[in-house]
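Some notes on the structure that comes next.
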Amino acid sequence: MRRIIIIENSGKVNFGGGQKITLQVAEILSKTCELVFVDFAKGTRFEQMINEKFPDSSKILLKGRSFFFPFKYLNWLLDLVVLTCFFPGNLGKIKYHVTKQTLIYVTTKKGLLYAYMMKVIYGVPFIYHAHLVENTKSIFYFLYRSCLKKAEMSLCVSKAVYDTIKLPNKILLYNPNINNKGFKGRKNRDKFVVAAMGSLIKIKGFEYYIKAADKTSEKLPIEFRLYGEGPLHDTLETLSNGKVKFMGFSENIMNELYESIDIVVVPTIIPEALSLVLVEAKSVGIPAIVTNLGGQAEIIRNGIDGFLVPVGDFFSIKQYIEMMVKDKVLYNKLAEESYQSVSLFDYDLFKSTILKIFIV
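Quick note on numbering that gives the first Met the number 0: the sequence shown kicks off at 0 and runs consecutively.
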């Protein structure tokens, strides 16, 4: 039986879209493969999920949890120091679980370094699932690309990601839609629920969502929500002045999308690979307002199934929210178009591609 060693870094975010996809891949492979989970953090939601879904699988905890200080370069420096100290011991822990039929599946840059060394030293093949739009001008890009040259395959979650990996061993594989609820139907009630969701960190741009909520007319029947956890919770809550409800982490965001949410906002300030919440929103027919960057701009057709806005332009976010709330005919047209485009994220295609790549 093929053994798949899955390397995650779940302390990096509070159970984000990338970790959800890791679980999807694991569920697909668990029917025919033996799984070994490797992580740098404990006590996370990801750990809780794998213990529930895969109780009989082996789990390895590596030393060297990531740092989260306000200064990006300080984090990198500390990560480098920790990586240097613990690298040999961590590599040994992974090697202990290697068999002749082992394949490593890795989703983060930190894990990529370990996968690269396992390939160079022990000849263990690996597959990288790319969830980031890389800056090809970065001083770290050369190292990143050098590691990827050793990969059997790089799975790219959007064309934006695909274009930054300038190597032949890559494929475009959109994140799958696993919702089976279907179209939530045309909007009839007056009240609108607008929501943003994700880890409460700087790059998500939630401050602009909150500013848009603050500027939106109080005469309109709108409830603003923010789902997620993270280090900026208190700062964002203070900024909101009570105009945005902080919902915390949702165990089942699909139910929230289907039952109550009408508009999704993705105000990220950097090019992200592909917002999983957009896939989930489309799967039930919810229009979205997103920053015109990266993978999210790739799957939203401006004025057809949502709207694109410049980075930090909270006034445009506010305008589009008000436009949809005031015009239900427009809203319902956008919602129907959003639902029709979900075929791009076909689960069966995702599953068959994963099996074809991993089970050889």
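All C-beta atoms, glycine included, are put in the ideal place defined by N, C-alpha and C.
- By the neighbour-count criterion, in which a residue is buried when 16 or more other Cβ atoms sit within 10 angstroms of its Cβ, GLY15 is buried.
- Spatial neighbours of HIS96 in its own chain (CB-CB distance under 8 Å, excluding positions within 5 residues in sequence) are listed in chain order as ARG2, ILE4, VAL35, SER57 and ILE59.
- For SER145, the enclosing alpha helix (DSSP H) begins and ends at 140-147.
- Taking C-alpha positions only, ASN176 is separated from LEU348 by approximately 10 Å.
- Between the segment 286-301 and the segment 215-234, the count of Cβ pairs shorter than 8 Å is below three; the stretches do not touch.
- Sixteen is the threshold: since fewer than 16 other Cβ atoms of the shown chains lie within 10 Å of the Cβ of ASN50, the residue is exposed.
- The beta-carbon separation of VAL289 and LEU307, rounded to 6 Å, stays under the 8 Å limit for a contact.
- Residues MET0 and ARG2 of the same chain have their beta carbon placed closer than 6 Å to that of GLU33, with the five preceding and five following residues left out of the count.
- Take TYR115, set aside five residues on each side of it, and the residues of its chain with a beta-carbon closer than 6 Å to its own are CYS146 and LYS149, in chain order.
- Check the Cα spacing between ASN301 and each of LYS325, GLU336 and GLU236: the tightest is with GLU336.
- Taking C-beta atoms as the reference points, TYR113 and ILE6 count as a pair closer than 8 Å.
- For GLY42, the closest alpha carbon among the candidates LEU343, LYS94 and SER9 is that of SER9.
- By the Cβ test, the segment 155-173 is not in contact with the segment 225-236, since fewer than three Cβ pairs between them sit closer than 8 Å.
- Here ASN178 has MET253, GLU279, SER282 and VAL283 as same chain residues with Cβ atoms under 7 Å from its own Cβ, once five neighbours each way along the sequence are excluded.
- Between TYR226 and MET196 the beta-carbon gap is near 4 Å, inside 8 Å, which marks them as a contact.
- The beta carbon of GLN18 lies closer than 7 Å to those of GLU7, SER9 and PHE45 in the same chain, with the five residues before and after it left out.
- Distance between LEU275 and ILE200, taken at the CA atoms: about 17 Å.
- Runs of the alpha helix (DSSP H) lying entirely within the segment 271-339 and spanning at least 4 residues, in chain order: 275-281, 293-298, 313-325 and 327-339.
- Apart from the 5 residues on each side of it in sequence, VAL123 sits with its Cβ closer than 7 Å to the Cβ of VAL97, THR101, ILE103 and MET117 in its chain, given in chain order.
- If you look at HIS232, you'll find it isn't in any beta strand (DSSP E); it sits in the alpha helix (DSSP H) that goes 232-239.
- A straight-line Cα-Cα distance of about 10 Å links LYS180 and LEU256.
- Ranked by how close their Cα comes to the Cα of TYR121, the residues LEU90, TYR127 and ASN134 have LEU90 in first place.
- It is roughly 24 Å from the alpha-carbon of LYS165 to the alpha-carbon of PHE344.
- DSSP, read as helix, strand or coil, puts MET246 in strand.
- Taking the CA atoms as reference points, TYR338 sits about 19 Å from VAL324.
- With respect to ALA334, PRO286 sits close: the two C-beta atoms are nearer than 8 Å.
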